[in-house]
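Numbering (this note's numbering), first residue to last: 2 to 230.
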């Protein structure tokens, strides 16, 4: 199958997969994870991705992913770009690196706000970087989980939960990811890095811009109609 999602439920499931694959792409690269990324990309392209506006930015990353022959090269670059003490990385992958002044103690405030948001969303970060609440991978995984929740709510025809979840998606995009991701991606762009990461930033940013438009449209429709079908 290679066609556009036909329902909002299908769209939410597709968006869940997009956030999940981008979240995984910013984790430490290992052969198993790269294999999962290729498999996930195949699935998403079968769900209609080639017909969407951001596909032109996605395709170079997909080609770079398929062209990885030596994972060690990507591992070394991951450390240089994202993991050298985080603060000393070429492109720090954490929200607080772009929105907080560590001298004034603002990093703790950012992390405390995120912990409160995750608690409000009833979500608990897990995985390789779970202790870094503002890591790009964690924030993208949060969006993936919200999309999964939206899909389930639509499947159960739970209109109240659907609206609540859409509002959570919109607020997290507007108040967090869109606040710092553009600068994070700019840092990747100016670094001389391997194609896997050089193309990953534009692919992510293009999708996020597209998805924010989708979420804003759906939340606006909910306010006008009082419900979402």
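Glycine is no exception: its CB is placed at the ideal position from the N, C-alpha and C atoms.
Run through DSSP, which three-state label would residue 70 get? Coil.
Using only the alpha-carbon positions, how far apart do residue 65 and residue 75 sit? 11 Å
Which stretch, first to last residue, makes up the alpha helix (DSSP H) that contains residue 80? Counted as a single uninterrupted DSSP element, the stretch harbouring residue 80 is not any alpha helix (DSSP H), since DSSP gives it neither H nor E.
Cα-Cα separation, residue 18 to residue 98: 27 Å
Which two residues bound the contiguous alpha helix (DSSP H) that contains residue 166? 160 to 173
For residue 1, which residues of its own chain have a beta-carbon under 6 Å away from its beta-carbon, when the five flanking residues on both sides are left out? Residue 1 lies beyond the range of the chain shown here (2 to 230); nothing can be said about it.
Cα-Cα, which of 161, 116, 34, 207 is closest to residue 182? Considering only alpha carbons, the answer is 207.
For a test of the three-state rule: what should DSSP assign to residue 8, helix, strand or coil? coil
Excluding the 5 residues flanking residue 162 on each side, which residues of the same chain have their C-beta closer than 7 Å to its C-beta? 154
Going by other Cβ atoms of all chains shown within 10 Å of its Cβ, with 16 needed for buried, is residue 70 buried or exposed? The residue in question, residue 70, is exposed, as its Cβ has fewer than 16 Cβ neighbours within 10 Å.
Taking the C-alpha atoms as reference points, what is the distance between residue 230 and residue 204? Confidence is the limiting factor: at residue 230 the pLDDT is only 40, short of 50, which leaves the residue's position unreliable and the question unanswerable from this model.
Exposure of residue 92, with buried meaning 16 or more beta-carbon neighbours within 10 Å: When all chains shown are included, residue 92 counts as buried.
Using the Cα positions of residue 191 and residue 200, report the straight-line distance between them to the nearest angstrom. 12 Å
Reference residue 129; option with closest CA among 50, 139, 120, 198: 139
Can you round the beta-carbon distance between residue 48 and residue 23 to whole angstroms, since I take them to be within the 8 Å contact cut? Contact doesn't hold; Cβ gap of about 15 Å is too wide.
Thinking residue 147 and residue 170 are a contact (beta carbons under 8 Å), I'd like their distance in whole angstroms, please. Between residue 147 and residue 170 a beta carbon distance of about 5 Å is seen, short of the 8 Å cut, so the two are scored as contacting.
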